[in-house]
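Spelled out as structure tokens, the structure:
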């Protein structure tokens, strides 16, 4: 009698495998939408959740980003390149942004500047789209897509909102506000302390317009 190899795929096994691949792909696509739901299940009253979070950015290369959790929220910390900073200061960009000068209360007063940060090199924003709470994807390089050529920044996979590398939303996007900037300070040039204001500042994150 001819033996059948144990490693030979069967039609049922192939269908099961394809089902797993499809499920994994769907899960990956939906992951950006799940953050608000998952965080709603986590305890919100823990004292530890409100302690400052120190982030060492000494090894973060220019052009790269890390994501850390602060008070149950994803925070994007980006080491912006000189080219990225020059793009943020481009006068032509300002007219394409909904709130280019950060007049809406979506950041502390000490981050209401053209780079929306304490140190221009490092962008620090809460990574939750102000439309319906999805997590935008980091797209730092220009892609030439859309009217006026998008210069790079953050793209929301849910409904198409786009933000520049300072978290400022582009006109025409469904998101009504810029990405929030949390309270933070930099005790050293390469240490970011989330949840603590610089000396003499008392910004309360709960006062922002929208998260």
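Numbering (this note's numbering), first residue to last: 464 to 674.
In this text, a Cβ means the ideal position worked out from N, Cα and C, and glycines have one as well.
In this text, all values refer to a predicted model and were calculated from it rather than measured experimentally.
In the DSSP assignment, residue 519 falls outside any alpha helix (DSSP H) and lies within the beta strand (DSSP E) extending over 516 to 519.
Taken atom to atom, the span from the alpha-carbon of residue 576 to that of residue 567 is near 12 Å. With a cut-off of 8 Å on Cβ pairs, the segment 548 to 564 is in contact with the segment 626 to 644, counting three or more such pairs. Short of 8 Å from the beta carbon of residue 623, and not among the five residues preceding or following it, lie these beta carbons of its own chain, in chain order: 636 and 637. Membership of residue 548 in the alpha helix (DSSP H) is indicated by the continuous run 545 to 551. Of all alpha-carbon atoms in 672, 659 and 651, the one lying nearest the alpha-carbon of residue 582 is that of 651. Distance from the CA atom of residue 556 to the CA atom of residue 627, rounded to whole angstroms, is 9 Å. Apart from sequence neighbours up to five positions away, the residues of its chain that approach residue 515 with a beta-carbon distance below 7 Å are 656, 657, 658 and 659, ordered along the chain. Between the segment 595 to 606 and the segment 538 to 550, the count of C-beta pairs closer than 8 Å reaches three or more; the two stretches touch. For the segment 610 to 634, the full-length beta strand (DSSP E) segments reaching 3 residues or more read 616 to 618 along the chain.
The continuous alpha helix (DSSP H) containing residue 556 extends over residues 554 to 557. Under the three-state reduction of DSSP output, residue 542 falls in the strand class. Nearest neighbour of residue 598 by Cα position, chosen from 664, 630 and 550, turns out to be 630. Secondary structure at residue 651: strand, using DSSP grouped into helix, strand and coil. Cβ neighbours of residue 527 within its own chain (closer than 7 Å, five residues either side excluded): 542.
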